[in-house]
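In full-length UniProt numbering, the protein residues as written are 1 to 210.
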C-alpha cells in the first residue's frame with residue numbers, strides 16, 4: 001500500500017468511531033508527524049508526538065525501548081487496546097511494528113544492525129492531563145462541577161475496562177487526558193493486563209511508574 005492509500009485508510013478510521021485500528025507503516029507515521037518534530041508528551045514507556053491528517057489531528061506514541069517488548073507481547077497489547085472502546089478511554093487508531101536495517105559505525109567499523117520500531121497511533125486529546133490541570137491556579141465558580149464530572153468519567157472508564165477484564169496497573173493523573181469539553185479519557189496502557197474471564201491478578205511486585 002502506498003503512502004496516499006495508507007493515509008486515506010487512516011483518515012477513514014479517524015472519522016469512523018466504529019472502525020477497527022489498522023496496521024501502519026513507519027514511513028507514514030514519519031510523514032504525519034513531520035519526522036517526529038512536535039513532541040507533546042514523554043513517559044516511562046515512550047515519547048508522544050503530534051500528527052496531522054487532512055481531517056484531524058492524532059497522537060503517535062513511539063516506544064522508547066522496543067527491543068525490550070517482544071513482538072508477541074506488543075501485538076497482545078494492541079489486541080488489548082482494541083477491546084477498549086468507550087468515551088472515557090483514549091481511542092487507538094493504528095499501530096506499527098517494523099524491523100529496519102540501519103548502517104551503524106562501531107569502533108570505526110560499519111555494521112548492519114536491525115532496529116525495531118514500535119509505535120501506536122491514538123486520537124489526539126487537546127487539553128493536556130489532569131496533573132497539569134490541577135497545578136493551574138484557577139478558581140472559577142464551576143471548578144467543582146468540572147472536577148466532579150472528571151471523577152465520574154474516570155470511574156466510568158475504569159468500570160468499562162474492568163468489565164472487559166482489562167487492568168490498567170499504572171493509573172495516575174498524568175495518564176488521564178482532557179478533551180475539548182474537559183471530559184476525561186484514560187490513556188497509557190503500557191502496563192495493562194488483559195485477563196481471561198474469571199482470572200485475577202495477585203502480585204507482590206510494585207508495578208507502574210512513580
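Every residue gets a Cβ at the ideal spot worked out from N, C-alpha and C, and that includes glycine.
Could you pull out every residue in the same chain whose Cβ sits closer than 8 Å to the Cβ of residue i, ignoring the five residues on either side in sequence?
i           : result
residue 94  : 10, 13, 21, 22, 23, 24, 120 and 121
residue 82  : 20, 21 and 92
residue 160 : 84, 86, 88 and 89
residue 196 : Because the pLDDT at residue 196 is just 45, under 50, the model does not fix this residue reliably, and the point stays unresolved.
Is the CB-CB distance between residue i and residue j below 9 Å?
i           : j           : result
residue 49  : residue 64  : no
residue 87  : residue 128 : no
residue 150 : residue 184 : yes
residue 26  : residue 117 : yes
residue 92  : residue 84  : yes
residue 7   : residue 54  : yes
What separation, rounded to the nearest whole angstrom, lies between the Cα atoms of residue i and residue j?
i           : j           : result
residue 166 : residue 110 : 45 Å
residue 1   : residue 97  : 16 Å
residue 124 : residue 143 : 24 Å
residue 148 : residue 162 : 21 Å
residue 156 : residue 114 : 42 Å
residue 208 : residue 169 : For residue 208, the predicted model reports a pLDDT of 44, less than 50, meaning its position is unreliable; a value from the coordinates is still stated below. Each residue's alpha carbon lies about 6 Å from the other.
residue 104 : residue 68  : 20 Å
residue 186 : residue 164 : 15 Å
residue 28  : residue 106 : 29 Å
residue 39  : residue 108 : 33 Å
residue 42  : residue 4   : 29 Å
residue 180 : residue 112 : 46 Å
residue 35  : residue 70  : 25 Å
Looking only at its chain, what residues have a beta carbon closer than 6 Å to the beta carbon of residue i, apart from the 5 residues adjacent to it on each side?
i           : result
residue 188 : 175
residue 100 : 115
residue 203 : A caution first: residue 203 carries a pLDDT of 37, below 50, which makes its placement in the model too unreliable to give a value.
Output needed for residue i: all residues of its chain with C-beta closer than 7 Å, excluding positions within five of it in sequence on either side, in chain order.
i           : result
residue 18  : none
residue 146 : 182
residue 133 : 178
residue 74  : 97 and 118
Among the options, which residue has its Cα nearest to the Cα of residue i?
i           : options               : result
residue 158 : 147, 124 and 89       : 89
residue 45  : 186, 39, 62 and 72    : 62
residue 66  : 107, 47, 30 and 156   : 47
residue 30  : 42, 180 and 58        : 58
residue 171 : 180, 130, 135 and 164 : 130
residue 56  : 15, 41 and 5          : 15
residue 33  : 136, 108 and 60       : 60
residue 173 : 135, 160, 164 and 180 : 135
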